[in-house]
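Residue numbers (this note's numbering): 785 to 1060.
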């Protein structure tokens, strides 16, 4: 009889211990609800002792949650239709608020992220979405973090993943980029021509003041051409040498016709001769 009583007590004690002990993992925090009211003390990782049939333990994950935001269609401020998707990283910083103030904080954060993403699309230009994403990410993070603080949620960061454009807009942007590259190429070429013209004018002025410089330049050109192992070498004749020869060559005097004799004038017939 005593053995049976001791056995029953042992079984009851084991059941009580099994019902009162819980294990909280390292990345979790435990909330104890005693008769439906949350206890202010948060159970840390390890063994948690509960009051059987009175306490209920709810575990809250404290890890960073990665939540993709579905792609949202919107019209930018400059009237371009785009499709943008993003990803939000958040974590629970207050388990009591996350368990009491909101029914499902994951769903709540997802809905706020979608509405904030559509709002940021309507307030931004297409160029900002394509090239200034850091500022948009910061603005989107602030928009999501403002209501999430009341839920015990901290938004770690938000990243815009992709911006999908219509095919017609892609073709227009490619034509614009091609035209811009062509414009820059023409400007660079014109600038080079302008600088070359300045240098050539200075070289021409120097050669005009010093004729020997032109001869040296001619000889340098001959050396450069002869280095190509050509079979025929065309050597230009300096214009200055022609002018020198023309200035120092005596001019011959023109000789009159018929060795200096004057030709007799033709006789005109008189009236008598015409009559006869």
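We put the beta carbon where it would ideally sit given N, CA and C, even for glycine. Nothing here was measured: the structure is a model prediction, and the numbers come from that model.
Check residue i in the structure and name its three-state DSSP category.
i: residue 811; result: coil
i: residue 862; result: coil
i: residue 833; result: strand
i: residue 1006; result: helix
i: residue 1011; result: coil
i: residue 1000; result: helix
i: residue 909; result: coil
i: residue 1027; result: helix
At what residues does the beta strand (DSSP E) containing residue i begin and finish?
i: residue 948; result: 937-948
i: residue 842; result: 839-845
i: residue 858; result: 849-859
Quick check on the DSSP output: the alpha helix (DSSP H) that includes residue i runs from which residue to which?
i: residue 971; result: 951-993
i: residue 899; result: 889-906
i: residue 820; result: Neither: residue 820 is in no alpha helix (DSSP H) and is coded neither H nor E.
i: residue 919; result: 917-932
i: residue 879; result: 879-884
In angstroms with no decimal places, state the Cα-to-Cα distance between residue i and residue j.
i: residue 865; j: residue 909; result: 11 Å
i: residue 853; j: residue 976; result: 51 Å
i: residue 952; j: residue 967; result: 23 Å
i: residue 882; j: residue 954; result: 44 Å
i: residue 914; j: residue 848; result: 28 Å
i: residue 890; j: residue 962; result: 46 Å
i: residue 1002; j: residue 1030; result: 21 Å
i: residue 995; j: residue 1007; result: 19 Å
i: residue 972; j: residue 1011; result: 32 Å
i: residue 861; j: residue 869; result: 18 Å
i: residue 950; j: residue 898; result: 21 Å
i: residue 991; j: residue 1034; result: 28 Å
i: residue 923; j: residue 858; result: 17 Å
i: residue 843; j: residue 905; result: 37 Å
Could you pull out every residue in the same chain whose Cβ sits closer than 8 Å to the Cβ of residue i, ignoring the five residues on either side in sequence?
i: residue 885; result: 934, 935 and 936
i: residue 832; result: 805, 806, 807, 808, 814, 816 and 841
For residue i, collect the residues of the same chain with a Cβ closer than 7 Å to its Cβ; drop the 5 residues on either side in sequence, then sort them by chain order.
i: residue 788; result: none
i: residue 986; result: none
i: residue 931; result: 896
i: residue 846; result: 811, 812, 813, 875 and 876
i: residue 850; result: 871 and 873
i: residue 969; result: none
i: residue 925; result: 939, 941 and 942
With a threshold of 6 Å on Cβ separation, who are the neighbours of residue i within its own chain once the five nearest residues in sequence on each side are excluded?
i: residue 835; result: none
i: residue 818; result: 838 and 839
i: residue 941; result: 873
i: residue 927; result: 900
i: residue 1050; result: Since pLDDT at residue 1050 reaches only 48, below the 50 mark, its modelled position is unreliable, and no value is offered.
i: residue 892; result: 886
i: residue 902; result: 856 and 858
i: residue 827; result: 808 and 814
Would the C-beta of residue i count as close to the ligand MN, meaning under 7 Å from any of its heavy atoms?
i: residue 843; result: Only the bare structure without any ligand can be found here, which leaves the ligand MN out of the picture.
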